[in-house]
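Before any comments, here is the structure.
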Amino acid sequence: KNEVEQSPQNLTAQEGEFITINCSYSVGISALHWLQQHPGGGIVSLFMLSSGKKKHGRLIATINIQEKHSSLHITASHPRDSAVYICAVIDSGGSNYKLTFGKGTLLTVNP
Amino acid sequence: KAGVTQTPRYLIKTRGQQVTLSCSPISGHRSVSWYQQTPGQGLQFLFEYFSETQRNKGNFPGRFSGRQFSNSRSEMNVSTLELGDSALYLCASSLDRTYYEQYFGPGTRLTVT
C-alpha cells in the first residue's frame, strides 16, 4: 500500500515569508501532483511532475525520485495563498494508475 | 474552453436511497476520475473511466458504481446510502491517464440524513 505523508499538517506564516511543504511517499510512482484547495472545495492542479523541478510564478515544486520526496515552495507568500495544499502520487504498480492523496497541509498567510 | 461541470452541486438524501451524480469533462478529455472527500479520510480515489470503460477502481464497496458515455460524460451512482457516504464528490478530467494534468470540477456536496 502506498502511503503519502505530508508535513506540516498546519502552517501559519506572515505575508512575505518563504513557505515549504513536504511530501514523502513509500513506493514507486509514475508522477506526482500538487493540488490547491480553497475553502468551498474547488481544487486546482498546481503542478504535475515526474522528475526535477518546475516553477510557475511564485510557486516551485521539486521531486527527488530516489529519496521518494517532493517539496512545494511558495516565495513571497501572500494572504491569497491561504488554502489547503495536497500532494497526490500516481502509483504505477501493475497497470493501475490511480491517485493516492496525502492528508493535506492547511496554510494560513496573515497580512 | 469550458471547465469541468458537475451536477447537482448540493444534494440531501436519506439513508437507504440511491443517488446519481453527473460530470461533464472538458471538451476533448477522454479520462474522467471520481474522488470522495471527507474530513476524516481526506481525498480518496473511487474510479476512473476512459472511452466508456472503467480502467481503475479504488477500495469502495460495490454500492458505488459509475459509467461513461460516448461523449465522455460520466455518472456515478451510490445505492443504499449510508450516513458515512456524506461527502464532497469530485470528478476530474484529463486528456488521457492520471499522469496527465487533472482538471477538477467544483464537486457535489452530498448529505445523507
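Residue numbers (my numbering), protein chains in the order written: chain A, 224 to 334; chain B, -13 to 99.
A virtual CB, placed ideally from N, CA and C, is assigned to each residue, including glycine.
{"Asked": "Anticipated Cβ contact below 8 Å, B/H15 with B/S79, distance rounded", "Found": "4 Å"}
{"Asked": "Alpha-carbon to alpha-carbon, B/N45 and A/P231", "Found": "27 Å"}
{"Asked": "Pair within 8 Å by beta-carbon distance, B/V5 and B/S58", "Found": "no"}
{"Asked": "Interface positions of the segment 50 to 64 of chain B facing chain A (Cβ-Cβ less than 9 Å), listed along the chain", "Found": "none"}
{"Asked": "Which of helix, strand or coil DSSP assigns to A/R303", "Found": "helix"}
{"Asked": "Within-8 Å CB hit, A/I244 to chain B", "Found": "no"}
{"Asked": "Where B/D82 falls: helix, strand or coil (DSSP)", "Found": "coil"}
{"Asked": "Cβ-based neighbour list, A/I283, same chain, cut-off 6 Å, excluding 5 preceding and 5 following", "Found": "H296"}
{"Asked": "At least 3 beta-carbon pairs within less than 8 Å: the segment 269 to 285 of chain A vs the segment 295 to 313 of chain A", "Found": "yes"}
{"Asked": "Any C-beta of chain B under 8 Å from that of A/S268", "Found": "yes"}
{"Asked": "Three-state secondary structure assigned by DSSP to B/L67", "Found": "coil"}
{"Asked": "B/R41 - DSSP class collapsed to helix/strand/coil", "Found": "strand"}
{"Asked": "Chain C residues whose Cβ lies nearer than 7 Å to that of B/P92", "Found": "Of the chains in the structure shown, none is chain C; the protein chains are A and B."}
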